[in-house]
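Protein chains in written order, with the working numbering: chain A, 22 to 186; chain B, 6 to 162.
Beta carbons: idealized from backbone N, C-alpha and C, even for Gly.
Just so you know, these numbers come straight off a predicted model, no measurement behind them.
Structure, as C-alpha cells:
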Amino acid sequence: MTHAYRCPLGSGAELVRNGPVVLGKLRPSREVREAMQMRGEFVPPQQVKLLIDTGASFSMVSRSLATGLGLQPLRRHAVVGVSQKAEMCWVYEATLDLWLEGPSSRVEVALPLSVTGVADAHADVPHDAVVSGLLGRDFLASFVLLYDGPRARFELRTERVRAED
Amino acid sequence: MVRDVSILGVSVPHPRLQLTPPDAVRAGRSCEGRGLGTPPRLELLSFAAAADLESGPFGGSLAFPGDPAVRWDMATLEDEVAAQYDRFLRALPQLRTGHDGEWVVFLDTARFFAADERAALRWAHANLRLDAGYVVARVEEPEPVFLSAALAYRLAT
C-alpha cells in the first residue's frame, strides 16, 4: 500500500528557491513523551520545515531545537560543518509527524527519526523563519524521492510506512 | 523526597526512591483535565522487582523500565550518555570483532546487538530506563561526516 508525502503546490521558481521542503512536526519519541507526561510536563510539538538534502548523510536540526524539545540523546558523532572542522555533535531520538496520502485518505504518521543536533548557524533567527533542518539520506532510506522540476513538485513515496511502534 | 513503594498492594517505605512529583501535583493541581492523565504512582508487581532496586544492574538505582518519572533529568543525561559513549569508544575494537556493522545498546558493556537502529532502540526502551545513559550506536570506526555535500565541495576546492 503506497503512501506519499506531496509538497504543497507552488511555482517552479518557488521550488528552485526553497528546495524540496517537508512540513511536519517534531517531538520526542513516544517513550520520552510518556515520561514527560508522568512528570506533568508537556512540550508541544514543534512545527518544522525540513529541507530534503541528498547531499547529507544524516538528518539534522539545530541543537537548541533538539534540547528545547527534550529529545533523548543517543550518541555523539563527529560532524564537519560550516567551520570546516570536525565537531562532536549529539544524535537524538525524535519523532517526525507527517501527513501522508494513502490510497483512500490522508493520515498523519509518526515516523521515528534520529537527528543530529548542530550548533545554530543563526541563533538569533526564530526556528520558523528559516529551514529548521535537513532530511538526509538516513531518512530517505525509507522513501522513494521524486523531484519533478517541470511540474514544480516533489514526492516522497513509500510502500511500507515505518511508523512509531 | 522519600516515598513509599507499593508492593503487591502493600505500601513499603523505600529510602532509595527519589520521587519528584509532577509540578502540577506539587502545586495542588490535578493532572486530569489537562490531558495528562492521573499522576504517576509507583507500583511493583513482585518482590523480585523490589530486589532489583538494591542489586540492579545500574549500581543499585531504580531499575525497572517503564518508570522514567524517577530521577529523569535531561540536564545531566547528556553527561551520562557522554561518559557511556567514551566507554563505548574504548570497547569498540573488541566489539568490532564479531559485531562489526551491527547496532549495539551499550551501558557499561554491550547489552544488546541488533541489525538496525530501530531494533536496538526497541530493546533499550523495553529493558532500560530512559535516564540510564545508554548509548545506541553502530559498531564501526567513527569517521567525521559532512553536514552537507556543499561543505565537501568547499573543502575540495
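To the nearest angstrom, report how far apart residue i and residue j are at their CA atoms.
i               : j               : result
A173 of chain A : V101 of chain A : 32 angstroms
Y26 of chain A  : T88 of chain A  : 27 angstroms
A140 of chain A : L177 of chain A : 28 angstroms
Q99 of chain B  : A125 of chain B : 19 angstroms
H104 of chain B : G170 of chain A : 43 angstroms
E146 of chain B : D113 of chain B : 19 angstroms
F63 of chain B  : G157 of chain A : With a pLDDT of 32 at F63 of chain B, under the threshold of 50, the modelled position of that residue is not reliable, and no figure is offered here.
F79 of chain A  : S126 of chain A : 30 angstroms
Q89 of chain B  : S32 of chain A  : 49 angstroms
T75 of chain A  : V152 of chain A : 16 angstroms
H130 of chain B : M59 of chain A  : 16 angstroms
E114 of chain A : V128 of chain A : 22 angstroms
V150 of chain B : E107 of chain B : 19 angstroms
L133 of chain B : E35 of chain A  : 46 angstroms
L117 of chain A : G61 of chain A  : 22 angstroms
A120 of chain B : F63 of chain A  : 33 angstroms
F118 of chain B : R95 of chain B  : 17 angstroms
L13 of chain B  : G154 of chain A : No answer about L13 of chain B holds up, because its pLDDT of 39 lies below 50 and its placement is not dependable.
E148 of chain B : R116 of chain B : 23 angstroms
L95 of chain A  : Y139 of chain B : 7 angstroms
S51 of chain B  : G138 of chain A : Since pLDDT at S51 of chain B reaches only 31, below the 50 mark, its modelled position is unreliable, and the value read off the structure follows with that caveat. If you take the alpha carbons of S51 of chain B and G138 of chain A, they lie about 40 angstroms apart.
D84 of chain B  : E122 of chain B : 22 angstroms
Relative to the alpha-carbon of residue i, which residue among the options has its alpha-carbon at the smallest distance?
i               : options                        : result
E55 of chain A  : A:Q93, A:S80, A:G154, A:E180   : A:Q93
A131 of chain A : A:A34, A:L86, A:K46            : A:K46
V43 of chain A  : A:R183, A:R181, A:E180, A:Y168 : A:Y168
V136 of chain A : B:A88, B:D84, B:V141, B:V110   : B:V141
C29 of chain A  : A:V53, A:L119, A:F63           : According to the sequence shown, residue 29 of chain A is Pro rather than Cys. It is A:L119.
T23 of chain A  : A:A115, A:G123, A:D159         : A:G123
A87 of chain B  : B:A137, B:E148, B:A154         : B:A137
A154 of chain B : A:L95, A:V103, A:M57, A:F63    : A:V103
Can residue i and residue j be called in contact, C-beta distance under 8 angstroms?
i               : j               : result
L86 of chain A  : V182 of chain A : no
R97 of chain A  : V112 of chain A : yes
L185 of chain A : R51 of chain A  : Looking at the sequence provided, one finds Glu at residue 185 of chain A rather than Leu. Going by C-beta atoms, E185 of chain A is nearer than 8 angstroms to R51 of chain A.
V110 of chain B : W128 of chain B : yes
L134 of chain A : F175 of chain A : no
Since residue i contacts residue j with CB under 8 angstroms, what's their CB separation in whole angstroms?
i               : j               : result
V144 of chain B : R101 of chain B : 6 angstroms
P49 of chain A  : G91 of chain A  : 5 angstroms
V53 of chain A  : L82 of chain B  : Contact flag wrong, Cβ pair sits at about 10 angstroms.
A99 of chain A  : L152 of chain B : Actually they are not in contact, since the Cβ atoms of A99 of chain A and L152 of chain B sit about 11 angstroms apart, beyond 8 angstroms.
- Task: Assess, as a yes-or-no matter, whether the segment 38-48 of chain A is touched by the segment 61-73 of chain A under the definition of 3 or more beta carbon pairs within less than 8 angstroms.
- Result: yes
- [ ] Could you say if the segment 96-114 of chain A and the segment 155-165 of chain A meet the contact criterion of at least three C-beta pairs nearer than 8 angstroms?
- [x] no
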